[in-house]
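In the numbering used here, the protein residues as written are 2 to 179.
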Amino acid sequence: MDLREKKTIRDIQDAFLQLRARKPLERITVRELVELAEIGKSTFYLHYKDIYDLCDQMQKEVIQNIFADIPRYDVFFTDTTLFSREMFQSFINHSAVTDILFSGRQYYVLAHYIEQGMREYFFRDYPELEGNMEFNIWLSLVVHGGFSAYVENHEAFGDEDTIQLISSKISKIPLPHL
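Printed below as a string of C-alpha cells:
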C-alpha cells in the first residue's frame with residue numbers, strides 16, 4: 002500500500018470516528034462521510050463495501066491492537082490474575098477509540114471480538130482446546146463476565162481498583178481440566 006492510499010484510509014477512518022462520536026452507526030451515510038473526508042464516493046467504495054464494513058474492519062483492527070499490546074500470553078494458564086490485568090490495561094490504553102467504535106448498539110460486540118481474538122490465539126497454539134467444551138465455556142464466562150463487571154463498575158470505583166478486584170476474582174475461577 003502506497004503512502005497516498007494509507008493517507009486516504011486514515012482520512013476515511015478519522016472522518017468515520019468524528020461522525021461516530023456524534024451519532025449512531027445506523028445514521029451515518031457514505032455521502033456525509035466522503036464529504037467530511039474530502040474524497041469521492043468511488044474512492045470510499047474502493048476500500049469498503051459500506052459503512053458497516055468500514056466499522057467492522059476498524060473494530061477488528063483495534064482488537065488486534067489491543068492483543069498486540071498484551072506482553073505475555075504465556076502466563077494465561079499459569080497466572081490468570083496477571084494476564085487479566087494486562088488485558089484490561091491494554092483495553093484501557095485503547096479506550097479512546099473503543100469508546101467511540103463500540104458505543105451504543107455496538108457495545109457487546111467488543112466483548113465478542115475480544116473472546117474471538119483470544120480463541121484464535123489459543124487455538125493456534127493449543128489446537129486441542131478448540132473441541133474442549135469446558136475450556137470454551139470457561140473462556141466465555143471469564144471474558145464476558147470480566148468485561149461486563151469492568152464496564153459497569155470502573156467509573157464508580159476507578160480503573161485500578163476495579164481491575165484488581167476483577168482479576169483476583171477471575172483467578173479464583175478454576176481453569177478447566179485441559
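A virtual CB, placed ideally from N, CA and C, is assigned to each residue, including glycine.
- Burial is judged here by how many other beta carbons sit within 10 angstroms of a residue's own beta carbon; Glu62 has fewer than 16 and is exposed.
- With a threshold of 16 other beta carbon atoms within 10 Å, Gly159 falls short and is exposed.
- Boundaries of the alpha helix (DSSP H) harbouring Tyr122: Tyr108 to Asp126, taken from the DSSP string.
- With a cutoff of 9 Å on beta-carbon distance, Thr82 and Ser168 are scored as near each other.
- Contact annotation: the stretch 15–31 touches the stretch 55–70, with at least three C-beta pairs closer than 8 Å.
- Glu156: member of the alpha helix (DSSP H) spanning Met134 to Phe158, first to last residue.
- Excluding five sequence positions before and after Leu37, the CB atoms of its chain that fall closer than 6 Å to its own CB belong to Ala16, given in chain order.
- Looking only at Val152, Thr79 and Asp162, the smallest Cα-Cα distance to Leu111 is reached by Val152.
- Taken atom to atom, the span from the alpha-carbon of Tyr49 to that of Arg21 is near 16 Å.
- When the alpha-carbon of Phe45 is set against those of Tyr127, Lys8, Ile71 and Gly132, the nearest one is in Lys8.
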